[in-house]
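For the protein sequence lines, the chains are A and B, in the order given. Okay, so the first sequence: first residue is 0 according to numbering that gives the first Met the number 0, each after it adds one. Okay, so the second sequence: first residue is 0 according to numbering that gives the first Met the number 0, each after it adds one. Right, one structure below, let's go through it.
Number of protein chains: 2
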Amino acid sequence: MVPPPTIAQQLAAKQREISVAEFFERNRQILGFDNPQRSLLTTVKEAADNSLDGCEEAGILPEVTVQVSKEGEDRLRVSVEDNGPGILRREIPNVFARLLYGSRFHSNRQARGQQGIGISAAVLYANLTTARPAKIISKVEEEEAAHVLELFLDTQKNQPRIASEDVMLWDRPHGTRIELVLRARYVRGRQSPYDYLRGTAIVNPHARIVLVEPDGTRVTFERATSDLPPPAKETLPHPYGLELGELGYFLKGTKKPTLREFLGKDLQGVSARAVGEVLDRCGLKPGQSPSSVQGEAQERLLKSLHEVSLVAPSSDCLSPIGAMLIKRGLRNVLGDVRPEFYAPPVSRPPKVRGGFPFMVEVGIVYGGALPADQPIQILRFANRVPLLFQQGACAITNAISNLDWRRYGLDQKGGSGIPSGPALILVHVASTKIPFTSEAKEAIAEDPEIDREVTLALQVAARHLRTHLSRRSRRDQAGAKFEIILKILPKLAEKTSHLTGNPVPDLTPVVTRIMDVVHLDATPVTDPAGIRVPVQIVNYTPRARVLELFAEIPPEAMAVAKFDPAPDGTDPGLGRAWWTLPKLTPSGRTQLELRFPPKTDVDASDLDWYVAGVDEAHLLGADPLPGDWDVRLPRTIVEAAEAAAAESAAAGEEEVDYDAAESSASAGEEE
Amino acid sequence: MVPPPTIAQQLAAKQREISVAEFFERNRQILGFDNPQRSLLTTVKEAADNSLDGCEEAGILPEVTVQVSKEGEDRLRVSVEDNGPGILRREIPNVFARLLYGSRFHSNRQARGQQGIGISAAVLYANLTTARPAKIISKVEEEEAAHVLELFLDTQKNQPRIASEDVMLWDRPHGTRIELVLRARYVRGRQSPYDYLRGTAIVNPHARIVLVEPDGTRVTFERATSDLPPPAKETLPHPYGLELGELGYFLKGTKKPTLREFLGKDLQGVSARAVGEVLDRCGLKPGQSPSSVQGEAQERLLKSLHEVSLVAPSSDCLSPIGAMLIKRGLRNVLGDVRPEFYAPPVSRPPKVRGGFPFMVEVGIVYGGALPADQPIQILRFANRVPLLFQQGACAITNAISNLDWRRYGLDQKGGSGIPSGPALILVHVASTKIPFTSEAKEAIAEDPEIDREVTLALQVAARHLRTHLSRRSRRDQAGAKFEIILKILPKLAEKTSHLTGNPVPDLTPVVTRIMDVVHLDATPVTDPAGIRVPVQIVNYTPRARVLELFAEIPPEAMAVAKFDPAPDGTDPGLGRAWWTLPKLTPSGRTQLELRFPPKTDVDASDLDWYVAGVDEAHLLGADPLPGDWDVRLPRTIVEAAEAAAAESAAAGEEEVDYDAAESSASAGEEE
């Protein structure tokens, strides 16, 4: 007789393997499919990301069309079509209907897709909610016809099942189209496909993206540049941050016969000199086989690798957006908001965490139609993909919340949390491996290295914001005073003259005495001939001045600028130009002009003006030359001032002196 | 000559399968292993959860010992040992060193572990960071010796690799021990093993948990009950919320020969009558084979299942904590905080989402040493497991933030966000499938059904809090006034008498006139004989009163209570008792007493007192009888009042009337 099973036996009888597809079918919220609205977004996102990755790998300027249409109650049809390289027939089933299958997981370079899960998860979700297969059309350039497959994902086996197959003529030379019918809900606004594609357009200014909404509305995000980003290259793992276990796998799996070759050729940044130094330190032999390094010897090897100074990780594997394109992308999409200020975008140098290089980019936009009384907008991106959900769980949000924004001119209760004000902060993290909090790739996990880099980048951008805001406030104050004086004084003088019967006196000396500033005005004027920036400088100080004027212009705008008169010096790389102005007597004025061709990407907030030869307290509409400008001036300020003084003396001119006529009104005005 | 590969061919060549273990190795942050502190917590959590699950499945009162010790720089040794049923030798390698392998994924009932990932992930992490195997000791009752295995997880194959094997004598009759050396950091305080085990003790009051910290400190969480929770039973899937694709799998996979049997026996809640009704609606035949139902017929079948009224889902598969044990668990752990108020915990009835039953429990604690000027504490639990990370990403936090707590007496800026005040909110979600945001199981994904249930439960508990706070404030005000009058008035009278030479008058009428209240005092006194609650009622109104007194007592305390005098009626199930008090003339008083045996789980905040026969404005220390009490009174208030009036008249008593002597001081005191 067989005895009844014991408890341990009963429990053992239930143990079994779980198919990865079954797991994700039951936990589809982990993949971003937890409600009809989010499921639609995740589907659009996975398909569009694949299209962009494919185009860029093949060196094609991406054109992606997303169409969403109603297919019945609670059901939408989603199609995403691209002009990418197409997918070989034999790979189509696995690419679209098998989880954990892909080309980008094992490659050590930046890509949107890394997991080999996303698009197959969308197919799984569609199968599950509507029992309809995914329809794939794909054509590669060298074949005549396109392949058309209808696919299911068999969750118990995690394998594709082909429901139908055909070929067709397609008017595209190459490309891929996926069509899914799924339970989903279309919304506009926050966390919508529109929102997602708009974000994608900002950080992928080389892509042309079209969205056709269920009501037929067609939205086109035109590309802002026709230059493809330089392709991200595959790199070897870098020893910094390598774990003991990973090193063990590498040692076991390498095809290099000797330890020396393994260190020098399977890892990044280990020069021949470093190989020697590492081996010396850990006492291993250059000629021994990598697989013979075991146990405690592995630990010594890793320790030595971490101690020896190595070549910094290469950033070839990363594809940052770049400061210029961040600004252009933001401007392209934020056009209607007309912000008053774009902080110069910050691109941090690449760093390594856990052997994987990463880098951080930050842009800050301020003012215009951005709402002033609400929390700032945060645009989060990872590998050029907008992150729309789980903001509260993201390392980017955390880094923003932990900064004291009050020091940079934004409102923030208690000096932590998301600040308020008319600002938008864009943060892009690029890496060969982004540590997402889940497979849905919606938030970046907490990581001290990423936190540090994001914080540093934010601080740099935030300092620009602070400078802008304090300049603005100074200008606003001084400008208001200036305007009042120029308006009121003449009226006052006229009235007084009328009462006393005396003639109206020349007011310039009085204005000069009260203001005591050099005033610069540079307001761009756009006309069919292009953008004209007349710059007027008036010396409202009681002294003759020899001034140097410096302009900072975005280099790409400077390359097409015309100057009148020609500057005395330029630095086109940094976008700098400078002039020594003709001597200005008290109340004297001079003018120069910049001209840009039509549609140049430049506006008032791009141009910075600095003046040397008068101190900050007596300067209005420009700033003193910052300390970090290292221009070789045509002549130094001291020389210029000396020359002017000598000239003055020779001509017998006297400095105008209004001290005797000092009025009480001006007493409080000097700083 | 072979032509060079095209771009599509190059891309295809890189496509390959990704092992699930490789995937998680690279994305270990998803599993909760992203920094040394969190990695330690996740390891302790996965091991302790497995221990608790194993004990409960085997009907054993759990005893779990967690020991953490230092093993070198950045390295800790973690061991978790239990008195569970043990694991058969042949299952040990797969259970501990293979991802997506387990007994609980396919069972449709509440368990802590559901994924078959957790403990193997901890083994993987230990292997990776220290290259050390996991050591497992396990003994089942029917074998003499324990098996000792050292295991690695081979990530390329996702298979266990046995590094060593042995047997040993173990002094336990049965149990399991796991020992890991991993890169980790020990912290105290928030998000620490201590924090986690304390939370576990709150919602698992039947478990005894011991923590030995690296410095040797030994913390014991004693069990608060010796009753094991009723075992959660496996159930069949319920058609509510079933997806089309899932129905398809069931139809394809069932062993039942006919559709009728499939509907009646493979699904939950479909009675014989309902089977007939469903088949009538969708026009399918009872005798046809389930696998013959395809495509559009599946859709009709699912539609009919959703339209026909079915038996509600069973909650056998769930293991809620229960209102009483929530309170006891909180009290056991919050003893030192001494809160002034525990809202009666709320257990919502079970609901279904996506075919899976779930239910929500909520407890609110207020006052005592909880900090008053900080955000409230939130204790989140899922299937009796504390959730310590990702609070901002959790559906529980969201539900709390979206409630306007100002209406319930807590501070909350703008009526949303986490409120502030000396409160703690416990929320437990129990389900056969919790929709976690990631495999780390740290936050519950947004879900409209869960959100609704959590919100409803919070509202019920919050209403109790509001009642408590408004009562307290009323009592505080009236009580302060009462105290002042009883103190000052006699002194005032004495002084006046002294000055005028008149005798000190009887003040009771004056006190009565000013206060015009019935006053109840019930302060528990604890002595060796037990807990004594003397209840004193004084009639400080100018009228004779016939009053009914009602007590609400926790049923378990009521079961052991002694009353003097005996109540006129009781409802032990609801924990209610009531008395008709002897008639109280103006300034008259009466007393009764409750007694509980020593260590009864009852205190002042558990006892609610209600008085009928006087309106709310004239009642101090008790509340008017709530409308939802449906007690069969020994005689109604009306009858009692009539009888008292008749009695009065017969005795020739007159109502005392102080109206003529109305003082200006009292004018403002009446409401």
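All C-beta atoms in this analysis are idealised placements derived from N, C-alpha and C, irrespective of residue type, glycine included. The structure presented is a predicted model; accordingly, all values stated were derived computationally and were not measured.
Q) Going by beta carbon distance, what residues of the same chain come within less than 6 Å of B:Gln389, once the five residues before and after it are set aside? A) Cβ neighbours of B:Gln389 within its own chain (closer than 6 Å, five residues either side excluded): Glu441 and Ala442.
Q) Between the beta-carbon of B:Ala342 and the beta-carbon of B:Ala460, is there less than 8 Å? A) The beta carbons of B:Ala342 and B:Ala460 sit closer together than 8 Å.
Q | For A:Lys326 and A:Glu653, the rounded distance between their alpha carbons | A | At A:Glu653 the pLDDT is 41, less than 50, meaning the model places this residue with poor confidence; the figure from the coordinates comes in the next sentence. Near 50 Å, if we compare the C-alpha coordinates of A:Lys326 and A:Glu653.
Q) Which chain A residues are close to B:Thr128, counting only those with a beta carbon under 7 Å from its beta carbon? A) Below the 7 Å Cβ cutoff, chain A contributes Glu242, Leu243 and Gly244 as neighbours of B:Thr128, in chain order.
Q. Near A:Gly83, which residues of its chain fall below 8 Å by C-beta distance, leaving aside the five closest residues on each side in sequence?
A. Cβ within range, chain order: Ser50, Gly53, Cys54, Ala57, Ile59, Pro61, His173, Gly174 and Thr175.
Q: At 8 Å on the CB atoms, spell out the chain B contacts of A:Gly391, in chain order.
A: Near A:Gly391 (Cβ distances below 8 Å), the residues of chain B are Gly391 and Ala392.
Q) Do we get a CB-CB distance below 8 Å when we pair B:Asp450 with the residues of chain A? A) Residue-level contact check: B:Asp450 does not touch chain A, since none of the beta carbons of chain A fall below 8 Å from its beta carbon.
(Q) For a cutoff of 8 Å on Cβ pairs, would you count A:Pro633 as touching chain B? (A) Confidence at A:Pro633 is low in this model, with a pLDDT of 44, below 50, so the placement of that residue is unreliable and no value is reported for it.
Q. Just how far apart, CA to CA, sit B:Gln190 and A:Ser419?
A. Each residue's Cα considered, the two are about 30 Å apart.
Q: Using a Cβ cut-off of 8 Å (strictly closer), state whether A:Asn107 contacts chain B.
A: Closer than 8 Å: no.
Q) Between A:Glu547 and A:Arg575, which are expected to be in contact by the criterion C-beta below 8 Å, what is the C-beta distance as a whole number of angstroms? A) Wrong, their Cβ atoms sit about 12 Å apart, outside the cutoff.
Q: Compare the Cα-Cα distances from B:Val292 to each of B:Tyr195, B:Arg259, B:Ile17 and B:Arg531 and report the closest residue.
A: With distances taken between Cα atoms, B:Val292 lies closest to B:Arg259.
Q | Supposed close pair A:Pro385, A:Gly115 - CB separation, criterion 8 Å | A | The beta-carbon distance between A:Pro385 and A:Gly115, rounded to whole angstroms, is 21 Å. This is too long to meet the 8 Å contact definition.
Q. Quick one: complete beta strand (DSSP E) runs, 3+ long, within the segment 67 to 141 of chain A?
A. You should have 74 to 81 and 133 to 138.
Q. Is B:Lys44 close to chain A, meaning its C-beta is less than 8 Å from at least one C-beta of that chain?
A. For B:Lys44, no Cβ of chain A is located within less than 8 Å of the residue's own Cβ.
Q: Anything in chain B within Cβ reach of A:Lys13, meaning under 9 Å, just list it in chain order.
A: Within chain B, the residues placing a beta-carbon under 9 Å from that of A:Lys13 are Gly101, Ser102, Arg103, His105 and Ser106, ordered along the chain.
Q. Should A:Val540 be labelled buried (16 or more other beta-carbon atoms within 10 Å of its own) or exposed?
A. The residue asked about is misnamed: residue 540 of chain A is Thr in this sequence, not Val. Its Cβ being crowded by 16 or more others within 10 Å, A:Thr540 is buried.
Q) What's the gap between the Cα of B:Pro338 and the Cα of B:Leu369? A) Answer to the nearest angstrom: the Cα atoms are 7 Å apart.
Q. By the 10 Å Cβ neighbour count, where 16 or more other Cβ atoms means buried, how is A:Thr219 classified, buried or exposed?
A. Exposed.
(Q) Would A:Leu210 and A:Val65 qualify as a contact pair, given that the criterion is a beta-carbon distance under 8 Å? (A) Contact: yes.
Q. Would you call the segment 531 to 538 of chain B and the segment 578 to 586 of chain B touching, i.e. three or more CB-CB distances under 8 Å?
A. Taking a contact to require three or more Cβ pairs closer than 8 Å, the segment 531 to 538 of chain B and the segment 578 to 586 of chain B qualify as touching.
(Q) Relative to the C-alpha of A:Ala381, which candidate in A:Asp622, A:Gly413 and A:Pro319 has its C-alpha closest? (A) Checked all of A:Asp622, A:Gly413 and A:Pro319; the closest Cα to A:Ala381 is A:Pro319.
**Q.** Neighbour list for A:Asn34 in chain B, Cβ cutoff strictly below 8 Å
**A.** Within chain B, the residues near A:Asn34 are Glu445, Asp446 and Pro447.
Q. Mind checking A:Gly651: buried by the 16 CB within 10 Å criterion, or exposed?
A. Here the model assigns A:Gly651 a pLDDT of 45, short of 50, so the residue's position is not dependable and the matter cannot be decided.
Q | Backbone secondary structure at B:Asp526 - three-state DSSP | A | DSSP places B:Asp526 in the strand class (E or B) of the three-state scheme.
Q: Examine the Cβ distances between the segment 67 to 84 of chain B and the segment 149 to 163 of chain B and report whether three or more of them are shorter than 8 Å.
A: Verdict: no, contact absent.
Q: Could you work out which residues of chain A lie near B:Val269, taking near to mean beta carbons separated by less than 8 Å?
A: For B:Val269, no chain A residue has a Cβ inside 8 Å of its Cβ, as the nearest lies near 20 Å away.
Q | Which of helix, strand or coil DSSP assigns to B:Gln14 | A | The three-state reading of DSSP puts B:Gln14 in coil, since its state is none of H, G, I, E or B.
Q. Going by C-alpha distance, which of B:Leu283, B:Glu233 and B:Asp226 is nearest B:Met323?
A. Among B:Leu283, B:Glu233 and B:Asp226, the Cα nearest to that of B:Met323 is on B:Asp226.
(Q) Restricting to Cα atoms, I'd like to know which of B:Ala162, B:Trp577, B:Arg131 and B:Leu266 is closest to B:Leu624. (A) If we check each option's Cα against that of B:Leu624, B:Trp577 comes out closest.
(Q) For A:Leu709 and A:His146, what's the separation of their Cα atoms in angstroms? (A) A question about residue 709 of chain A goes unanswered here, because the residues of chain A that appear run from 0 up to 670.
Q: Work out the CA separation of A:Pro523 and A:Val637 for me, nearest whole Å.
A: Unreliable placement is indicated for A:Val637, whose pLDDT of 48 sits below 50; the coordinate value is still reported in the next sentence. Each residue's alpha carbon lies about 32 Å from the other.
Q | Delimiting residues of the beta strand (DSSP E) encompassing A:Asp671 | A | Nothing can be reported for residue 671 of chain A, as the shown portion of chain A is limited to 0 through 670.
Q | Spatial distance of A:Leu606 from A:Pro344 (CA atoms) | A | Near 15 Å, if we compare the C-alpha coordinates of A:Pro344 and A:Leu606.
Q. Roughly how many whole angstroms lie between the Cα atoms of A:Val710 and A:Ala200?
A. Nothing can be reported for residue 710 of chain A: it is not among the residues displayed for chain A, which extend from 0 to 670.
Q. Listing by chain order, which chain B residues have their CB less than 9 Å from the CB of A:Val79?
A. Correct list: empty, because the minimum Cβ distance to chain B is about 18 Å.
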